[in-house]
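There are 2 protein chains.
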Amino acid sequence: MVEKPGKTAQEMARDHREVAVSEFFEKNRHLLGYDNPTKALLTVIKELVDNSLDACEETRILPRVWIEIKPDGADRFRVMVKDNGPGMTDKQIPLALGKLLYGSKFFKLRQSRGTQGIGASGTILYSQLTTGKPTTIIASTGNGKTSYYEIMIDVKKNDPEIVSHQFIEDGKIWHGMKVEMTIEGRYVESRKSVPEYIKQVAIANPYANITFDGPNGRVEFPRTANELPPLPKEIKPHPYGVELGILRRMLKSSKSRTVASFLMNDFSRVGGGSAKEICKLADIDSKISPQRLEITDTEKLFKAMQKTKLIRPPTDCLSPLGEDLLIKGLKKEFKAEFFASVTRPPAVYRGNPFQIEVAVAYGGELPQEGSIKVLRITNRVPLLYQEGDCAITKSIITTDWRRYGLSQSGRSIPVGPAVIIVHLASVWVPYISESKQAVASYPVIIKEIKLALQGIGRNLQRHVSGKRKAEMQKKRKEIFDRYLPEVAKAVGKLTDKKPEPILNKLKGILKNYAKVSEDGRGKEKTENSG
Amino acid sequence: MVEKPGKTAQEMARDHREVAVSEFFEKNRHLLGYDNPTKALLTVIKELVDNSLDACEETRILPRVWIEIKPDGADRFRVMVKDNGPGMTDKQIPLALGKLLYGSKFFKLRQSRGTQGIGASGTILYSQLTTGKPTTIIASTGNGKTSYYEIMIDVKKNDPEIVSHQFIEDGKIWHGMKVEMTIEGRYVESRKSVPEYIKQVAIANPYANITFDGPNGRVEFPRTANELPPLPKEIKPHPYGVELGILRRMLKSSKSRTVASFLMNDFSRVGGGSAKEICKLADIDSKISPQRLEITDTEKLFKAMQKTKLIRPPTDCLSPLGEDLLIKGLKKEFKAEFFASVTRPPAVYRGNPFQIEVAVAYGGELPQEGSIKVLRITNRVPLLYQEGDCAITKSIITTDWRRYGLSQSGRSIPVGPAVIIVHLASVWVPYISESKQAVASYPVIIKEIKLALQGIGRNLQRHVSGKRKAEMQKKRKEIFDRYLPEVAKAVGKLTDKKPEPILNKLKGILKNYAKVSEDGRGKEKTENSG
Numbered sequence: 002m003v004e005k006p007g008k009t010a011q012e013m014a015r016d017h018r019e020v021a022v023s024e025f026f027e028k029n030r031h032l033l034g035y036d037n038p039t040k041a042l043l044t045v046i047k048e049l050v051d052n053s054l055d056a057c058e059e060t061r062i063l064p065r066v067w068i069e070i071k072p073d074g075a076d077r078f079r080v081m082v083k084d085n086g087p088g089m090t091d092k093q094i095p096l097a098l099g100k101l102l103y104g105s106k107f108f109k110l111r112q113s114r115g116t117q118g119i120g121a122s123g124t125i126l127y128s129q130l131t132t133g134k135p136t137t138i139i140a141s142t143g144n145g146k147t148s149y150y151e152i153m154i155d156v157k158k159n160d161p162e163i164v165s166h167q168f169i170e171d172g173k174i175w176h177g178m179k180v181e182m183t184i185e186g187r188y189v190e191s192r193k194s195v196p197e198y199i200k201q202v203a204i205a206n207p208y209a210n211i212t213f214d215g216p217n218g219r220v221e222f223p224r225t226a227n228e229l230p231p232l233p234k235e236i237k238p239h240p241y242g243v244e245l246g247i248l249r250r251m252l253k254s255s256k257s258r259t260v261a262s263f264l265m266n267d268f269s270r271v272g273g274g275s276a277k278e279i280c281k282l283a284d285i286d287s288k289i290s291p292q293r294l295e296i297t298d299t300e301k302l303f304k305a306m307q308k309t310k311l312i313r314p315p316t317d318c319l320s321p322l323g324e325d326l327l328i329k330g331l332k333k334e335f336k337a338e339f340f341a342s343v344t345r346p347p348a349v350y351r352g353n354p355f356q357i358e359v360a361v362a363y364g365g366e367l368p369q370e371g372s373i374k375v376l377r378i379t380n381r382v383p384l385l386y387q388e389g390d391c392a393i394t395k396s397i398i399t400t401d402w403r404r405y406g407l408s409q410s411g412r413s414i415p416v417g418p419a420v421i422i423v424h425l426a427s428v429w430v431p432y433i434s435e436s437k438q439a440v441a442s443y444p445v446i447i448k449e450i451k452l453a454l455q456g457i458g459r460n461l462q463r464h465v466s467g468k469r470k471a472e473m474q475k476k477r478k479e480i481f482d483r484y485l486p487e488v489a490k491a492v493g494k495l496t497d498k499k500p501e502p503i504l505n506k507l508k509g510i511l512k513n514y515a516k517v518s519e520d521g522r523g524k525e526k527t528e529n530s531g
Numbered sequence: 002m003v004e005k006p007g008k009t010a011q012e013m014a015r016d017h018r019e020v021a022v023s024e025f026f027e028k029n030r031h032l033l034g035y036d037n038p039t040k041a042l043l044t045v046i047k048e049l050v051d052n053s054l055d056a057c058e059e060t061r062i063l064p065r066v067w068i069e070i071k072p073d074g075a076d077r078f079r080v081m082v083k084d085n086g087p088g089m090t091d092k093q094i095p096l097a098l099g100k101l102l103y104g105s106k107f108f109k110l111r112q113s114r115g116t117q118g119i120g121a122s123g124t125i126l127y128s129q130l131t132t133g134k135p136t137t138i139i140a141s142t143g144n145g146k147t148s149y150y151e152i153m154i155d156v157k158k159n160d161p162e163i164v165s166h167q168f169i170e171d172g173k174i175w176h177g178m179k180v181e182m183t184i185e186g187r188y189v190e191s192r193k194s195v196p197e198y199i200k201q202v203a204i205a206n207p208y209a210n211i212t213f214d215g216p217n218g219r220v221e222f223p224r225t226a227n228e229l230p231p232l233p234k235e236i237k238p239h240p241y242g243v244e245l246g247i248l249r250r251m252l253k254s255s256k257s258r259t260v261a262s263f264l265m266n267d268f269s270r271v272g273g274g275s276a277k278e279i280c281k282l283a284d285i286d287s288k289i290s291p292q293r294l295e296i297t298d299t300e301k302l303f304k305a306m307q308k309t310k311l312i313r314p315p316t317d318c319l320s321p322l323g324e325d326l327l328i329k330g331l332k333k334e335f336k337a338e339f340f341a342s343v344t345r346p347p348a349v350y351r352g353n354p355f356q357i358e359v360a361v362a363y364g365g366e367l368p369q370e371g372s373i374k375v376l377r378i379t380n381r382v383p384l385l386y387q388e389g390d391c392a393i394t395k396s397i398i399t400t401d402w403r404r405y406g407l408s409q410s411g412r413s414i415p416v417g418p419a420v421i422i423v424h425l426a427s428v429w430v431p432y433i434s435e436s437k438q439a440v441a442s443y444p445v446i447i448k449e450i451k452l453a454l455q456g457i458g459r460n461l462q463r464h465v466s467g468k469r470k471a472e473m474q475k476k477r478k479e480i481f482d483r484y485l486p487e488v489a490k491a492v493g494k495l496t497d498k499k500p501e502p503i504l505n506k507l508k509g510i511l512k513n514y515a516k517v518s519e520d521g522r523g524k525e526k527t528e529n530s531g
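Taken in order, these protein sequences are the chains called A and B. Offset between the first sequence (1-based) and my numbering: plus 1. Offset between the second sequence (1-based) and my numbering: plus 1.
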């Protein structure tokens, strides 16, 4: 147990060995979102639902997702997520779920919820760590065969450990997947909870039909849209976003015969003309093999790629929600009097296309007291944790909301009866940790979010100031109404006339005035989509 | 480039493959601290210096570290870190530096700077990504042989790629290691910079001798202590900190013949009596083989381990700095009038022993304006980033500093002429990301930090209030001095006596009064270690 002090380099070398990525994340489970039992329960649901929705969309199936959470002894829950997706081939199941850093999305430049191949296998890792039990997976691709697996992860090797494997021969034809596991967790219904998460998923994915059967009963989230958004397309990297070391690797492994064709085939937005221009600027023969470039030439090529004028990356790799769906989503959950949304044109950070959409709900039955509610969404996935470190929060608190009709003290979340939803869609969302709960603060991302916020801010300001004006006029009318008889009497006395006709005349004037003011308010109403 | 919509499960399966951990961190380089050029330069220095200091301490060598940063073209730097440590065996070098998640520290419960085997190889990954160049490593273990390597990382495989390897035959006998690389970076000398980092390293490691040769010249940080702190000892896990999944794995791989001997050999603080007690409580035969336990028995054993009364984990696995070194470190860098420190007894989170030390410097030449300076240190490594998310910052802003004589508005860093240093020593520091810049907010860690802060707060309060009292008395004495002749004259007139003897009497009274007040202040001085 105790080692002698003063080891030698030889002795130290003997202690070295490889750390399996599964063992790394087991020890650092907070990096995957398993810091505490409440967050852990949410993370398990989040990862499994993300996978279900991704699979459905990729295969163009309108998603139907069932979520079940049932107590299973003290601090333990039996958790189940089932979908009507494409299922998974029998052979694929153990690797896709029983091995970390295994997947397809990591290598694709296309908007999707999952990216790293850690999420689903991470849930199994957490389940076995806290309860020692295997996870059950039942899946079928629609071919009449249903696979049944019980899986654990061999943490020292990062390999699936198949506890049980059989086919269920019940003749049923179906497609989809069901994952069921026991985990340590805590169930709450507060701000950062599973019910809140599912509610926000329903807002951001209005074409999904979700059933949640929780410890306190069953809730349905029927779909409010019947069409899937278009499938985002996979793109190739843009020359502006590539890094020198990656360019070097791409050159070495390229199948293209010349540097020019390499540029045209392996990148987006590079045509024959641009390819020649890049090579000329780099002082490189465009016809030599990409494998033959030395590091100094690679560097020259790299610099020339940055300097050559090229069209921005294509943006059909993105699938924003659109203003309609955004507002539909908000209306479904919040009884407000005013709705507005802004969609920014696509932009690019480190070569990765991204797009910001923002919507606001204001007034009505929203609570007057306290901070506004902020929904942070990335690639249709709601984020509930680490808000303080998120580029979305930072953009909100550094926007001056007092000029848009909300209260705000210093750099904080504004106060008022409002809900703001911010959606960041990107082929690669830069999260600050593997648990994917906050967006890293790239200046261009913050700039885009703030521009969108200012857009809805101006709409909000028009509505709030119109509303204030109308309220003030209403109050004035009430005061007039109250004092009109007195005024008529006084005027009658002064002019020595009967007060009744004067009162009627005064009432007539007031009526006209009120009409004008209501018309004025009516104009604002076109802004009100409520 | 464009795929048809509506893929099948079979088609999706074909796209799946393993993601090498190196490729994962290359794409997510911000997780390792490579978000931007300024932070990247700091991260490279930090990781290499951490490794040098760890190696020296483990082999009981008083550390001598040379750091060099020289511009190498636009936005590029040639970076070198050299130490007088144990060096590394020729065979070990490529794996230790050219492979991520490879090392010895991950598996040991003992305080050290490095833990995951990602740091040093991460610097090479970043260097080749941004400059395409290999890293040079020169090392010798003192056997007269000097290894020379140029290394890159095969990112797709997470394996070292040896670009060049030879022995330098110059007959020189030395031990140590030199790592040299070219990176993209930005050099600044502001708050979160390399010079600030090195300055804090010198404070937290006063027994290290550091030379920093930067773009703006050479700075020496001579050692102020000539003895290494004791080498922390490796411990075995404590039964209270183990997780069910890990216990299951430990049982399966144990070499012990019985469950009782397993408990005694593979855990700390379990003697024969406790082992029997645990087995009895779990209703398990203490003599059966640990391999034979089923999951239900494992669970019973797990619960019994938590319920049995055991001594806390040993704490010689920790190596705090000690009050003397802490205050020495502060005095070296800050000209203050008052110093105090508090060391908490060791505590435990999730079975991991940890210990909090806090020291404060106050007044003197420290700036009166602005927030106090906070130095966050974990296992002798200064943290410069992500302070907002760090348990240390959270502990400071949730402490009421107004009662201790500092200004503070709401939950913010207090204002005043003070520097506070917080050191967390632990066998496993729970960082919020792989870049290891902030401590996760475990309640027991925050509690311990706050108790230590309150301790120095009370010392500070006594000093500040004593100082205020003395200042007030001095002012009063000055006023008396000024008006004494007037008073004497007036009293003389009233009593019809000469004013001179009255003035002398009054002066005598004032002198006695002042003496008492200075004595009162003198008592406080014992608190002043300055």
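The C-beta atom is built at its ideal place from N, Cα and C for all residues, glycine as well.
Where residue i sits in the DSSP three-state scheme
i	result
His176 of chain A	strand
Gly133 of chain A	coil
Pro502 of chain B	helix
Phe222 of chain A	strand
Leu452 of chain B	helix
Met265 of chain B	helix
Thr116 of chain A	coil
Ile1 of chain A	In the structure as shown, chain A begins at 2 and stops at 531. Residue 1 of chain A is therefore absent and cannot be evaluated.
Leu384 of chain B	strand
Met473 of chain A	helix
Closer than 8 Å to chain B by CB, residue i
i	result
Lys448 of chain A	no
Ser434 of chain A	yes
Pro368 of chain A	no
Glu19 of chain A	yes
Phe25 of chain A	yes
Ser530 of chain A	Low local confidence applies: a pLDDT of 39 at Ser530 of chain A is under 50, so the model's placement there is unreliable, with the coordinate-based value given in what follows. Taking Cβ atoms only, chain B never reaches closer than 8 Å to Ser530 of chain A, which makes this a no.
N-terminal and C-terminal residue of the beta strand (DSSP E) that residue i is part of
i	result
Lys71 of chain B	Arg65 to Pro72
Asp214 of chain A	Asn210 to Gly215
Gln167 of chain B	Asp160 to Ile169
Tyr149 of chain A	Thr147 to Asp155
Asp298 of chain B	No beta strand (DSSP E) contains Asp298 of chain B, which is instead part of the alpha helix (DSSP H) from Ile296 to Lys308.
Ser342 of chain A	Phe339 to Thr344
First through last residue of the alpha helix (DSSP H) which encompasses residue i
i	result
Leu252 of chain B	Leu245 to Ser254
Pro415 of chain A	Segment: none, Pro415 of chain A is in no alpha helix (DSSP H) and carries neither H nor E.
Identified DSSP bridge partners for residue i
i	result
Gln356 of chain A	A:Ala426
Under 8 Å between C-beta atoms of residue i and residue j
i	j	result
Lys333 of chain B	Gly365 of chain B	no
Ile450 of chain A	Ile357 of chain A	yes
Gly215 of chain A	Val195 of chain A	yes
CB contact below 8 Å: residue i versus chain A
i	result
Asp16 of chain B	yes
Ala121 of chain B	no
Gly272 of chain B	no
Leu245 of chain B	yes
Phe481 of chain B	no
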